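What follows is a set of notes on a single structure, which appears directly below.
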Amino acid sequence: MYALYEDAGKFSAGRVMSEADSSIQIELESGKRVKVKAAHVLLKFDKPQPAELLAAAQAQAGGIELDLAWEFAPEHDFGFTELARDYFSANADVAQQVAMLLSLFEAPHYFRRLGKGQFKKAPAETVQAALLGIERKKQAAEQVNAWATELEAGQCPAPVREQLYKILFKPDKNAGEYKAVVEAARRSHRPPLDLLKAAGAIDSPYQFHWKRFLFENFPKGTAFPVLAAPAIKEALPLAAARAFSIDDSATTEIDDALSVHGLGSGTVVFGVHIAAPGLAIAPDSPVDKLARERLSTVYMPGYKLTMLPDDVVQAFTLLEGRECPAVSIYFTFDESTLELRGHETRLERVPIAANLRHDQLEETVTEATLTGLAPADYAFAPELAFAHRLARHLKAAREVVRGKPENFNRPDYSFRLDGRGFGNGPEGEKPVEPRGDEVVSISTRPRGSALDLVVAEAMILANSHWGGWLAECGVPGIYRSQASMAPGVKVRMGTKPAPHAGMGVAQYAWSTSPLRRYVDLVNQWQIIACARHGRTAALAAPFKPKDTALFAIISSFDEAYGAYNAYQQAIERYWTLLYLAQQDMTELDAAVMKDGLVRADALPLVFRATGSETMPRGAAVRVKLTGTDLLTLDLQASVLARQGDAASGTENTGDDSDDEAPAAGPLSLAIDVADPADTASAGAAAPVAGDVGAALPSN
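In our numbering, the protein residues as written are 63 to 761.
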């Protein structure tokens, strides 16, 4: 005698060796003997052989019409043998009975399993819904297959193209578009990015980087809603200062200006004047909510996304010829010794006499003209000379605290597209989004130039003093601190003042760019409260001590600011690689860094060069460029010759950075393909690390 039994949803059959009240010992065709609970035995039979029975039953089960079987099934609970006799005939044989069992077991949408070979007919509406679901799944599978076939053939279906960035970076793994890419990649043994590129899903490398950035950071688009710039309700006194700003010609968000008064009197008042949107924008107002969504202006060659709507920027930017609302801090210095005698913060209207542009003046305003070694034939020459003298004094004092001098030994790089400046269009026109194929030029300017030094030290002076003043008034702010200058010690943001070792100041609170950074706007609100209420400002300030909202702002800002800087570095790498192609450059001079990385001498470019792995840090080399990929931002190169030793100089002090560039890595995709041949194209950007920091503000 033989017995058919169920074990964990599988059916097996064998010879009955012995029986007890609750179990049966069965010998399988393999010779293995198993002990089976009697309750799991569904059928006993004398013939045919178990293997023959199961084979015959499988063959017949495929021919059973489930719709018809459902019609034959009784409304009450029933066994598979009962339905087999109703469906086949009253004399249904063992093979037909087992065929019915297999068919019922595999059709839970028609029949509910009750155990021990018992079933119950599903309601008609349940069957109908299940059949519709099965049909939808079938159609979805067919659609996935069709899309995958198109991708293999080098054509990108429109739905896949529309979901490109979601598929690659934030996929819904149940979506058909995602499954189609995975299936096509598996079949073709190609990385998803290569597959999609070959299928024409990516219009251009530039658009790929740009739209990915927008997808991840601006999913609702970059347009601002129509909002009028809020007005300042209080009457502000007019300052006696005659202020001037120092920025690049592309700057539209002019946050800061300087003034110098009292030259020749023995006591000089040095003013730092900061645009005051905080006097009009209220916390939780519509404009504030917009600013808090963006948290910072996003900079890139030829374009930018401002933190605030243009109407708001234009209402508060420190434009020459206007009396602009400002939060001013005045420092009183002994003109001879530069000893600081006091400081005062005022809320006022400041006449802006000029917007000086350092890219137009740097060849004129030099160390020699500022120190009297050469004639100074330009506006504000005496004021700039004092400001430069003061900046050198302040820098030297900070370096004493730091324990070593600051060293700006690499240039800043400026990008211009099609020979034009910011916005890729004539000055005064609204910025136009770059296409990605413009002719790019890259120029350099020395870091730490005379005008840079003046602005940098003025901002450090204001930010450090305002940070200390907030603490004196018992008002929390958002501070940047660095415990030490030891390798690996990063700059942190917090709500309590702490030393910034890298800058050599007792505390440091970003407050001088409220049109461009949200933390500066937050700190400006707190400073305004101190200016109005002094020691009782804690009661009136928008943010109170231990306010959880400040921690939330810090967390959001850190994330957004990091993402924006990473994109800026990546897209600058794109334009640099395009520049290499446009200039037909095949060789570069570079300096060895570490781990196979080298840094180009005359371009903002860090990349791997085969042959540099064993060379000492700082070695000067000539490298051959063998290939670039604008999509992955990879640059392939090898060392041609060692030319001598270059200064390794990795220090890039100012605010935040360990200026080591991280190694290039693969473009990070969120798509998974099981096939081991599927690896993402290697060679993502190796951005030059660093913060658009306060010591050299990105004005």
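Idealized CB from N, CA, C, for every residue including glycine.
All values reported here derive from a predicted model rather than from experimental measurement.
Give me the residue from 595, 240 and 143 with the minimum Cα distance to residue 225.
Out of 595, 240 and 143, 240 has the C-alpha closest to the C-alpha of residue 225.
request  = Determine the contact status of residue 210 and residue 246, defining contact as a CB-CB distance below 8 Å.
outcome  = Less than 8 Å separates the beta-carbon of residue 210 from that of residue 246.
- What did DSSP end up calling residue 11 once you bin it into helix, strand or coil? Nothing about residue 11 can be reported from this structure: the residues present for the chain run from 63 to 761 only.
- What runs of the beta strand (DSSP E), each 3 residues or longer, lie entirely inside the region 67 to 151? Runs found: 72 to 81, 85 to 89, 95 to 99 and 103 to 107.
Reduced DSSP category for residue 184 - H, G, I as helix; E, B as strand; rest coil: Three-state DSSP puts residue 184 in coil, outside helix and strand.
- Message: Per DSSP, what are the beta-bridge partners of residue 644 in this structure?
- Response: Answer by DSSP bridge pairing: none, since residue 644 is not bridged.
Host beta strand (DSSP E) of residue 409 (start-end)
402 to 419 is the span of the beta strand (DSSP E), which, as asked, contains residue 409.
Nearest candidate by alpha-carbon position, reference residue 594, set 389, 449 and 368: When 389, 449 and 368 are compared, the shortest CA-CA separation from residue 594 is found for 389.
- Can you check DSSP and say which residues form a bridge with residue 672? Residue 672 pairs with 700.
- request: Can you tell me which of 413, 579, 576 and 555 puts its alpha carbon nearest to the alpha carbon of residue 762?
  value: The chain is shown only over 63 to 761; residue 762 falls outside these bounds and no answer can be derived.
Report task. Provide the residue(s) that pair with residue 391 in DSSP beta bridges, ordered along the chain. Result -> Residue 391 pairs with 334 and 407.
| For residue 306 versus residue 442, is the C-beta spacing smaller than 8 Å? | For the pair residue 306 and residue 442, the CB atoms are nearer than the 8 Å cut-off.
According to DSSP, is residue 240 helix, strand or coil? Helix, per DSSP.
| request: Identify every residue that forms a DSSP beta bridge with residue 544. | output: 562, per the DSSP bridge assignment.
Item to complete: Give me the Cβ distance between residue 690 and residue 700, rounded to the nearest whole Å; I'm assuming they're in contact under 8 Å.
Response: The C-beta distance from residue 690 to residue 700 rounds to 14 Å, too long to fall under 8 Å, and the pair is not in contact.
Sequence ranges, beta strand (DSSP E) only - wholly within the region 272 to 338, length at least 3
Listed in chain order, they are 305 to 309, 318 to 323 and 329 to 337.
>> Going by the DSSP bridge assignment, what does residue 836 pair with across the sheet?
In response: Limits of the chain in this structure are 63 at one end and 761 at the other, which puts residue 836 out of reach.
*Would residue 452 be called buried (16 or more neighbouring beta carbons within 10 Å of its own) or exposed?*
Buried, because 16 or more other Cβ atoms sit within 10 Å of the Cβ of residue 452.
Spatial neighbours of residue 686 within its chain, please: CB distance less than 6 Å, with the 5 preceding and 5 following residues excluded, ordered by chain position. Excluding five sequence positions before and after residue 686, the CB atoms of its chain that fall closer than 6 Å to its own CB belong to 649, 700 and 702, given in chain order.
Pair within 8 Å by beta-carbon distance, residue 677 and residue 683:
In this structure, the beta-carbon distance from residue 677 to residue 683 falls below 8 Å.
Give the straight-line distance between the Cα atoms of residue 427 and residue 605, rounded to the nearest whole angstrom.
So the alpha carbons of these two residues sit roughly 42 Å apart.
Unbroken alpha helix (DSSP H) run spanning residue 231, endpoints = Unbroken alpha helix (DSSP H) run through residue 231: 226 to 231.
(Q) Please tell me whether residue 243 and residue 253 are closer than 8 Å, where the distance is taken between their beta carbons. (A) At least 8 Å separates the beta-carbon of residue 243 from that of residue 253.
Quick one: grab the DSSP three-state call for residue 366. Residue 366: strand per DSSP, three-state reduction.
inquiry  = With three or more beta-carbon pairs closer than 8 Å as the criterion, would you say the region 128 to 147 touches the region 162 to 178?
reply    = In short, these stretches touch, since the Cβ pair count reaches three.
task = With a threshold of 16 other CB atoms inside 10 Å of the CB of residue 457, please say whether the residue is buried or exposed.
result = Buried, by the Cβ-count rule.
* To do: Taking 8 Å as the cut-off, decide whether the C-beta atoms of residue 496 and residue 365 are in contact.
  => For residue 496 and residue 365, yes; Cβs fall inside 8 Å.
Worksheet item: Would you call residue 539 buried or exposed, if buried means 16 or more other Cβ atoms sit within 10 Å of its Cβ?
Response: Counting of Cβ neighbours within 10 angstroms places residue 539 among the buried residues, the total reaching 16 or more.
### Query
Should residue 586 be labelled buried (16 or more other beta-carbon atoms within 10 Å of its own) or exposed?
With 16 or more other CB atoms across the displayed protein chains lying within 10 angstroms of its CB, residue 586 is buried.
Have a look at 564, 537, 560 and 183 and flag the residue whose alpha-carbon is nearest the alpha-carbon of residue 549. Ranking 564, 537, 560 and 183 by CA distance to the CA of residue 549 puts 564 first.
Can you name the residues that DSSP bridges to residue 28? An answer regarding residue 28 cannot be provided, because it is not within the stretch 63 to 761 covered by the chain.
Are the region 294 to 302 and the region 357 to 372 touching, with three or more C-beta to C-beta distances below 8 Å? Contact fails: fewer than three Cβ-Cβ distances are below 8 Å.
Given this structure, state the Cα-to-Cα distance separating residue 391 from residue 279, to the nearest angstrom.
Going by the C-alpha atoms only, they are around 35 Å apart.
Identify, in the order they occur along the chain, each residue of the same chain with its Cβ nearer than 6 Å to the Cβ of residue 382, setting aside the five sequence neighbours on each side.
-> Excluding positions up to five away in sequence, the list reads 414, 416 and 417.
Host beta strand (DSSP E) of residue 661 (start-end): Per DSSP, residue 661 belongs to the beta strand (DSSP E) from 659 to 662.
First and last residue of the alpha helix (DSSP H) that includes residue 264? Where residue 264 is concerned, there is no enclosing alpha helix (DSSP H), given that its DSSP letter is neither H nor E.
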